[in-house]
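Chemist: Residue numbers (the numbering used here): -1 to 60. Don't be surprised by glycine CBs; every beta carbon is placed ideally from N, CA and C. Have a look at this one.
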Amino acid sequence: MIRLRAGAYAEPSPFDKRPARPHVTGGFEVFVFRYWEDWSVTASFDLARRYTNVGLSVGFWR
(Lines of atoms letter the chains of each structure in order from A and count residues from 1; the text may use other names and numbers.)
(Lines give C-alpha, C1' and ligand atoms only; values in the text may rest on other atoms or scores of the structure.)
Protein backbone atom coordinates (compact mmCIF):
# COMPACT_ATOMS: atom_id res chain seq x y z
CA MET A 1 0.00 0.00 0.00
CA ILE A 2 1.18 3.55 -0.71
CA ARG A 3 0.02 6.92 0.65
CA LEU A 4 0.67 10.11 -1.28
CA ARG A 5 0.60 13.58 0.24
CA ALA A 6 0.74 17.00 -1.42
CA GLY A 7 0.12 20.55 -0.34
CA ALA A 8 1.11 24.18 -0.51
CA TYR A 9 1.33 27.13 1.86
CA ALA A 10 2.54 30.74 1.96
CA GLU A 11 5.28 31.66 4.42
CA PRO A 12 4.89 35.27 5.62
CA SER A 13 7.94 37.47 5.07
CA PRO A 14 9.84 38.58 8.18
CA PHE A 15 10.38 41.96 6.46
CA ASP A 16 7.87 44.77 6.03
CA LYS A 17 6.29 45.25 2.61
CA ARG A 18 7.72 42.01 1.20
CA PRO A 19 5.51 39.32 -0.38
CA ALA A 20 4.94 35.92 1.17
CA ARG A 21 7.05 33.03 -0.12
CA PRO A 22 4.96 30.14 -1.55
CA HIS A 23 5.99 26.56 -0.73
CA VAL A 24 5.08 23.28 -2.41
CA THR A 25 5.17 20.19 -0.21
CA GLY A 26 4.65 16.50 -0.72
CA GLY A 27 5.73 13.00 -0.03
CA PHE A 28 4.84 9.35 0.04
CA GLU A 29 4.75 6.42 2.43
CA VAL A 30 5.22 2.84 1.24
CA PHE A 31 4.28 -0.03 3.53
CA VAL A 32 7.11 -2.52 3.06
CA PHE A 33 6.23 -5.56 5.17
CA ARG A 34 4.61 -6.74 8.38
CA TYR A 35 6.74 -8.49 11.03
CA TRP A 36 5.35 -7.91 14.55
CA GLU A 37 4.80 -4.29 13.52
CA ASP A 38 3.96 -2.62 10.20
CA TRP A 39 7.14 -1.26 8.57
CA SER A 40 7.22 1.62 6.09
CA VAL A 41 9.58 3.85 4.13
CA THR A 42 8.67 7.53 3.91
CA ALA A 43 10.03 10.40 1.82
CA SER A 44 9.02 14.07 1.91
CA PHE A 45 9.94 17.43 0.41
CA ASP A 46 9.31 21.16 0.93
CA LEU A 47 10.35 23.45 -1.93
CA ALA A 48 10.38 27.24 -2.25
CA ARG A 49 12.50 29.97 -3.79
CA ARG A 50 15.98 29.71 -2.22
CA TYR A 51 14.80 26.89 0.09
CA THR A 52 14.79 23.08 -0.20
CA ASN A 53 14.12 20.49 2.48
CA VAL A 54 13.93 16.73 1.86
CA GLY A 55 13.49 13.83 4.25
CA LEU A 56 13.70 10.05 4.26
CA SER A 57 12.71 7.76 7.10
CA VAL A 58 12.02 4.16 8.05
CA GLY A 59 9.25 3.62 10.56
CA PHE A 60 7.23 1.00 12.38
CA TRP A 61 4.20 0.87 14.65
CA ARG A 62 1.71 -1.58 16.10
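Does Ser38 pass the burial test, meaning 16 or more other C-beta atoms within 10 Å, or should it be called exposed?
Modeler: That one is buried.
Chemist: List the DSSP bridge partners of Trp59.
Modeler: Asp36
Chemist: On the DSSP letters alone, give me the boundaries of the beta strand (DSSP E) that Ala8 sits inside.
Modeler: 0 to 9
Chemist: Could you check what DSSP says for Ala18 in three-state terms: helix, strand or coil?
Modeler: coil
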